[in-house]
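Worksheet: one structure, shown below.
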Amino acid sequence: TTCLHAELCPQNQSFALLQFKKLFSLDKSASLICDDNGIPSYPKLQSWDETTNCCSWDGVECDVESGHVIGLDLSCSWLYGTIHPNSSTLLFSNFPHLQTLNLAFNDFNNSPISSAFTGFTRLTHLNLSDSGFSGEISSEISLLSKLTSLDLSRNYGLRLKYPGFHLLVRNLTQLRELCLGRVNISSVIPNSLLNLTSLTRISLFDCGLQGKFPDDILFYLPNLKTLRLDFNSDLTGHFPKSK
Numbered sequence: 001t002t003c004l005h006a007e008l009c010p011q012n013q014s015f016a017l018l019q020f021k022k023l024f025s026l027d028k029s030a031s032l033i034c035d036d037n038g039i040p041s042y043p044k045l046q047s048w049d050e051t052t053n054c055c056s057w058d059g060v061e062c063d064v065e066s067g068h069v070i071g072l073d074l075s076c077s078w079l080y081g082t083i084h085p086n087s088s089t090l091l092f093s094n095f096p097h098l099q100t101l102n103l104a105f106n107d108f109n110n111s112p113i114s115s116a117f118t119g120f121t122r123l124t125h126l127n128l129s130d131s132g133f134s135g136e137i138s139s140e141i142s143l144l145s146k147l148t149s150l151d152l153s154r155n156y157g158l159r160l161k162y163p164g165f166h167l168l169v170r171n172l173t174q175l176r177e178l179c180l181g182r183v184n185i186s187s188v189i190p191n192s193l194l195n196l197t198s199l200t201r202i203s204l205f206d207c208g209l210q211g212k213f214p215d216d217i218l219f220y221l222p223n224l225k226t227l228r229l230d231f232n233s234d235l236t237g238h239f240p241k242s243k
């Protein structure tokens, strides 16, 4: 997204984005799933150049008045490489105003979802789906208390050990969309899910969920419109139909 009338973005943010660009090679095969699903993919970072205002760069959204970077949509951008925790902490600390971050449909080569992401305290939308992340999901994601949408689905190496689910969602009271499909949870549905009363969509397919699903979920989650629980063979109970 380009803000045509934005102020110049701060120099430290422009520099940090260029450093972020250096972490990756551009490989079309990293975003093949986009093309397979009819979503255009292309190397957005090719437009990033130090001689131009970063608010004009592809995938970058800036606040019109301040010029601060408030959105990064780098989905389907051919990104291949590893996001190292130490370097990402330093780079990400330059974006305290970021509200949306979409890195979906790239290949981050088994990078961990590090605590560096928790520095975006104003973040409302975080999408890291289908991007080759792996390892244990940091419970520090719960520090992003303004999140309304969290999508970590289809990262086949991601796992969430007990009581990780409870720790992950305990502060996310504004969450409307929770998508963790194919994340290895391998536990019973925690009661903490029922505290997220703003939820309209839950996607927990193929997560290794176990035990009895709460029959009264619609009582606790009155706004729920979509519930996906398929491919959890050890999950039992009466499942309400998706609206």
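At position 142 of the sequence shown (counting the first as 1) the number is 142 in full-length UniProt numbering, and the numbers step up by one without a gap. Ideal placement from N, C-alpha and C gives every residue a C-beta, glycine not left out.
Out of curiosity, what's the CA-to-CA distance linking residue i and residue j?
{"i": "S149", "j": "I217", "result": "19 Å"}
{"i": "L17", "j": "L229", "result": "38 Å"}
{"i": "P190", "j": "S114", "result": "23 Å"}
{"i": "V64", "j": "L152", "result": "30 Å"}
{"i": "D49", "j": "I137", "result": "33 Å"}
{"i": "S41", "j": "K28", "result": "8 Å"}
{"i": "Q11", "j": "L98", "result": "16 Å"}
{"i": "G164", "j": "I141", "result": "11 Å"}
{"i": "H166", "j": "S145", "result": "14 Å"}
{"i": "A116", "j": "N110", "result": "16 Å"}
{"i": "residue 254", "j": "N195", "result": "Outside the shown range of the chain, which is 1 to 243, sits residue 254, and nothing can be said about it."}
{"i": "T89", "j": "H238", "result": "44 Å"}
{"i": "C62", "j": "G38", "result": "28 Å"}
{"i": "T197", "j": "T124", "result": "17 Å"}
{"i": "E7", "j": "S14", "result": "13 Å"}
{"i": "N171", "j": "L143", "result": "7 Å"}
{"i": "S87", "j": "K21", "result": "12 Å"}
{"i": "F231", "j": "G181", "result": "10 Å"}
{"i": "I33", "j": "W78", "result": "11 Å"}
{"i": "P112", "j": "N53", "result": "31 Å"}
{"i": "C3", "j": "T173", "result": "Low confidence applies to C3: its pLDDT is 47, below 50, so where it sits in the model is not reliable, and the reading given next is rough at best. Computed Cα separation, rounded: 31 Å."}
{"i": "L133", "j": "Y156", "result": "According to the sequence displayed, residue 133 carries Phe and not Leu. Cα-Cα distance, rounded: 8 Å."}
Measure the Cβ-Cβ separation of residue i and residue j and say whether it is below 8 Å.
{"i": "F108", "j": "I83", "result": "yes"}
{"i": "N184", "j": "L168", "result": "no"}
{"i": "L235", "j": "L221", "result": "no"}
{"i": "S139", "j": "C179", "result": "no"}
{"i": "S186", "j": "G211", "result": "no"}
{"i": "F95", "j": "V69", "result": "yes"}
{"i": "W57", "j": "S66", "result": "no"}
{"i": "L72", "j": "N102", "result": "yes"}
Could you please give me the residues that DSSP links to residue i through a beta bridge?
{"i": "V188", "result": "Q210"}
{"i": "T100", "result": "G71 and H125"}
{"i": "D234", "result": "Q210"}
{"i": "C62", "result": "V69"}
{"i": "L26", "result": "L79"}
{"i": "R201", "result": "E177 and T226"}
{"i": "E136", "result": "R159"}
{"i": "L150", "result": "L126 and L178"}
{"i": "S111", "result": "F133"}
Nearest CA to the CA of residue i: which residue from the options?
{"i": "G59", "options": "P10, V69 and K44", "result": "K44"}
{"i": "L74", "options": "G208, T100, L144 and S186", "result": "T100"}
{"i": "S203", "options": "S187, P214, S192 and K225", "result": "K225"}
{"i": "R154", "options": "N127, L167 and C62", "result": "N127"}
{"i": "L175", "options": "N94, L193 and S47", "result": "L193"}
{"i": "S131", "options": "D206, S66, G71 and C76", "result": "C76"}
{"i": "K161", "options": "G71, G119 and G135", "result": "G135"}
{"i": "N223", "options": "F205, E177, S233 and S25", "result": "E177"}
{"i": "L23", "options": "D35, A30 and Y80", "result": "Y80"}
{"i": "C55", "options": "Q19, L26, S25 and C9", "result": "C9"}
{"i": "S233", "options": "V188, F219 and A30", "result": "V188"}
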